[in-house]
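The numbers in the sequence shown follow this note's numbering, run straight up by one, and end at 332.
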Amino acid sequence: MAAVRPMTRTDGAFPERSVRATIDGRAVTVPEGTTILAACRAEGTEVPTLCFLENLAPVNVCRACVVEVEGSRALVPACSRPLEADMVVSTRSERVDHSRRMVLELLASSVDMSLAGPDLERWLEEYGADPARHGPLAPTGADRQARAGRHGSVAGEARATLDQPVTIDNELYVRDYSRCILCYKCVEACGDQAQHTFAIAVAGRGFDAHIATEFDVALPDSACVYCGNCVAVCPTGALMFKSEYDLRQADDWDASRQTVTDTICPYCGVGCTLELHVQDNRIVKVTSPMDHEVTHGHLCVKGRFGFDFVHVPPPGAEDTRR
Ligand code: SF4
Ligand code: SF4
Ligand code: FES
11 MAAVRPMTRT DGAFPERSVR ATIDGRAVTV PEGTTILAAC RAEGTEVPTL
61 CFLENLAPVN VCRACVVEVE GSRALVPACS RPLEADMVVS TRSERVDHSR
111 RMVLELLASS VDMSLAGPDL ERWLEEYGAD PARHGPLAPT GADRQARAGR
161 HGSVAGEARA TLDQPVTIDN ELYVRDYSRC ILCYKCVEAC GDQAQHTFAI
211 AVAGRGFDAH IATEFDVALP DSACVYCGNC VAVCPTGALM FKSEYDLRQA
261 DDWDASRQTV TDTICPYCGV GCTLELHVQD NRIVKVTSPM DHEVTHGHLC
311 VKGRFGFDFV HVPPPGAEDT RR
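Next up, the structure:
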């Protein structure tokens with residue numbers, strides 16, 4: 011059985027005892043405090059997750075990961091619930107599949123999840139989610155109406171879609187909240203899970219819930235320090251490097267033409283590991299490995315965005331590098 015990483019524990023204590031339980035009919039033994047999700051992954055059992063990330067504490071908001079536990083009235087979130095002795099867990103019961111289908115279907119019917127990656131597309135199919143039965147997709151792009159933070163049907167015919175224009179108020183990253191599933195990852199990364207800047211939070215309730223700066227001010231007027239840690243954890247492309255956004259707008263973003271090179275950040279003595287994503291000999295974005303014992307995937311503004319100085323301007327062009 012694969013080792014369970016300490017980051018997946020929820021209580022922070024050193025494991026002293028083992029726990030024996032049953033997952034999908036198989037006997038498993040894991041260190042006490044291991045989450046159901048970690049135990050499943052160690053066994054090679056896939057459980058869909060949207061709001062969970064290895065470098066953040068679980069926040070339990072998406073419910074894509076729910077599993078059935080014998081004797082429990084409600085389905086339980088695998089990402090945060092520790093496996094307990096003699097638990098009998100089912101990851102694919104009819105009730106589980108139905109719940110996941112509804113979660114995925116409602117999310118995909120209200121949010122543009124076209125950049126959420128291949129796993130999401132596979133789960134939609136695997137669980138039989140059919141977002142289209144809630145109506146045709148609301149228009150995107152130039153047709154989006156300026157109703158930030160609001161759901162609303164378009165001409166009464168399309169699905170109630172989180173419909174708002176892309177916010178571009180700085181040169182480092184853009185925010186497209188029509189793609190936001192309110193997973194809280196950005197809020198956690200900006201808050202006490204990494205950055206401790208607390209520039210963003212969830213404002214409003216129900217359909218009005220949205221990610222906001224204090225008093226909804228523009229990002230340059232907020233407490234944001236542009237570390238980009240929120241961008242790195244966003245699962246849907248709602249937060250995106252401006253360099254990636256520009257290439258996508260020009261229909262020139264091509265992951266198959268990109269290479270990733272590890273290097274050490276040149277700016278200070280911490281020496282964070284940087285992953286340089288390069289397309290056509292230009293750095294298009296910078297990440298850090300989530301399993302890195304110093305960064306845990308998080309960086310500061312210099313490591314994350316301070317890469318333009320390596321790009322030599324073409325002959326005759328103005329050199330704006332500082
Ligand atoms: S860039 Fe950093 S400081 Fe700004 S909102 Fe994102 S996580 Fe917070
Ligand atoms: S902007 Fe991204 S990371 Fe933040 S809540 Fe929305 S989907 Fe999650
Ligand atoms: S992944 Fe468990 S609640 Fe979202």
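Where is the CB? At the ideal position from N, CA and C, for every residue including glycine.
Can you give me the C-alpha to C-alpha distance between residue i and residue j, rounded to a whole angstrom?
i: residue 156; j: residue 216; result: In this predicted model, residue 156 has a pLDDT of only 42, less than 50, meaning its place in the structure is not dependable; the value taken from the coordinates is given anyway. In a straight line, the C-alpha of residue 156 is about 19 Å away from that of residue 216.
i: residue 104; j: residue 214; result: 34 Å
i: residue 204; j: residue 134; result: 31 Å
i: residue 297; j: residue 307; result: 7 Å
i: residue 139; j: residue 114; result: 6 Å
i: residue 87; j: residue 275; result: 37 Å
i: residue 41; j: residue 47; result: 13 Å
i: residue 78; j: residue 299; result: 33 Å
i: residue 324; j: residue 181; result: 21 Å
i: residue 354; j: residue 302; result: As shown, the chain starts at 11 and ends at 332. That puts residue 354 outside it, with no answer to give.
i: residue 175; j: residue 247; result: 14 Å
i: residue 117; j: residue 200; result: 24 Å
i: residue 92; j: residue 292; result: 44 Å
i: residue 252; j: residue 263; result: 12 Å
i: residue 94; j: residue 239; result: 33 Å
i: residue 54; j: residue 270; result: 27 Å
Buried or exposed: residue i, going by 16 or more other Cβ atoms within 10 Å of its Cβ?
i: residue 65; result: buried
i: residue 245; result: buried
i: residue 278; result: exposed
i: residue 179; result: exposed
i: residue 328; result: exposed
i: residue 287; result: buried
i: residue 259; result: exposed
i: residue 143; result: exposed
i: residue 28; result: exposed
i: residue 313; result: buried
i: residue 152; result: Caution is warranted here: a pLDDT of 47 is assigned to residue 152, below 50, making its placement in the model unreliable, and the coordinate value is therefore given only provisionally. So residue 152 counts as exposed.
i: residue 319; result: exposed
i: residue 154; result: Because the pLDDT at residue 154 is just 49, under 50, the model does not fix this residue reliably, and the point stays unresolved.
i: residue 127; result: exposed
Is residue i helix, strand or coil when you go by DSSP?
i: residue 251; result: strand
i: residue 100; result: strand
i: residue 198; result: helix
i: residue 289; result: strand
i: residue 80; result: coil
i: residue 87; result: strand
i: residue 243; result: helix
i: residue 161; result: Below a pLDDT of 50, predicted positions are generally treated as unreliable, and residue 161, at 49, falls in that range; the measurement from the model is reported next regardless. Strand.
i: residue 48; result: helix
i: residue 230; result: helix
i: residue 142; result: helix
i: residue 114; result: helix
i: residue 67; result: coil
i: residue 184; result: strand
Can you give the beta carbon distance from residue i to residue j, rounded, assuming they're within the 8 Å contact cut?
i: residue 50; j: residue 68; result: Actually they do not touch by this definition, with Cβ atoms about 14 Å apart.
i: residue 194; j: residue 71; result: 5 Å
i: residue 184; j: residue 250; result: 5 Å
i: residue 191; j: residue 60; result: 6 Å
Any heavy atom of ligand 4 within a distance shorter than 7 Å of the CB on residue i?
i: residue 249; result: Summarising the ligand content, the structure contains ligand 1, ligand 2 and ligand 3 and does not contain ligand 4.
Answer with yes or no whether the minimum CB distance from residue i to chain C is below 8 Å.
i: residue 177; result: Considering every chain present, this structure includes no chain C. It has just one protein chain.
Item to complete: Taking 8 Å as the threshold, find out whether the region 26-33 comes into contact with the region 98-118 through three or more Cβ pairs.
Response: A contact between stretches requires three or more CB pairs, one per stretch, nearer than 8 Å, and the region 26-33 meets this requirement with the region 98-118.
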